[in-house]
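FYI, in mature numbering (1 follows the signal peptide of the UniProt record, and there is no 0) the residues of the sequence shown are -20 to -1, 1 to 176.
Yeah, the Cβ is synthetic: ideal placement off N, Cα and C, and Gly gets one too.
Input: a single structure, listed below in C-alpha cells.
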Amino acid sequence: MKKYCFLIFFGLLWAFPASSQSADLSLELSVDDNLVEAGQEVTFTIRVVNDGPDTTLGVKVLSLLPSGYDFVGYKANEGTYDATTGVWDIVGMGYGINAILKVTAIVKNSGEHMVLAEVMASDLLDYDSVPGNGVDTDGDGIIADDPQDEDDGDGQIVVLAGETSDSNCLAPAVKVSSMSSNPTNIDGRFKFDYKN
C-alpha cells in the first residue's frame, strides 16, 4: 500500500509541477494636486515595484482616465501607455525594478474624477495579491491607500474647488487642520489631512 501511495504522490508531482517562481508586484497611485479648478492640468503618477524574488513578464496595468478628464500626454520609464484603453504595457520587470508612469490630464468641470489603477496581468504568481480582481478588495469602500486592500491597486480623487464630494473612497479624516488664529489670514482654503 505504501508503495502505491508513494508512486501516486510522485506521479502527481510530475503531472503538476509546483512553480517556485514568483514576483511580488505592488502599485501606488498619486496625484500632484487633489483640490483643483476646472481647466487645471494635473499629473497622476503610477509606480509599480517588483519586490521579487523573480523577473516577471506580461505585466499590464489598467488606469483609464474617467469622463472628468481630457488626456494631455504621458511619460513612462518602462513600456507604453494607450490612453484609449487605459492599458500600460510594462512587458517585463526584474527584481527591484520601479516602473513609473506619469499621465497628464486637464480636469473638466463635470464627470467622474475618481482615477483607479490596478495590475491586471503578470506571468508569475504574486503571493499577496491577485491581478485584475478590483481595487477595493476588502469591500470597505476605502480605495486610496487602504492598508487592508491588496497592494496591486490604488485610487485617487480630485475635487473641484467650490464643490463637495460625497465619495467615501478616501480614508476617513482623523484630523482637519484648524483655522488660523488671525482672521485676516483666512483666504477660504482649508487643508485636510487624511490618516488611516
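Would you list the one or two residues that DSSP bridges to residue i?
i    : result
P33  : A3
V28  : L7 and A79
E92  : Note: E92 sits in no beta bridge, so no partner.
V138 : None, per the DSSP bridge assignment.
Buried or exposed: where does residue i fall if 16 or more other Cβ atoms within 10 Å of its Cβ makes it buried?
i     : result
E17   : exposed
T36   : buried
G133  : buried
D50   : exposed
E98   : buried
Q136  : buried
G119  : exposed
D108  : exposed
G48   : buried
L150  : Note that L150 scores 46 on pLDDT, short of 50, meaning its location in the model is unreliable; the coordinates nonetheless yield the value given after this. It counts as buried.
S(-1) : exposed
What are the boundary residues of the beta strand (DSSP E) that residue i is part of?
i    : result
L81  : N78 to V87
I70  : V67 to M73
Q128 : Element bounds for Q128: n/a, residue is neither H nor E.
Y107 : Neither: Y107 is in no beta strand (DSSP E) and is coded neither H nor E.
>> Counting beta carbon pairs with one atom in the stretch 110 to 126 and one in the stretch 67 to 77, are three or more of them shorter than 8 Å?
In response: No contact exists between the stretch 67 to 77 and the stretch 110 to 126.
> Can we say the stretch 54 to 66 touches the stretch 3 to 18, given the rule of at least three CB pairs closer than 8 Å?
Replying inline: Contact between the stretch 54 to 66 and the stretch 3 to 18 is absent, because fewer than three Cβ pairs lie under 8 Å.
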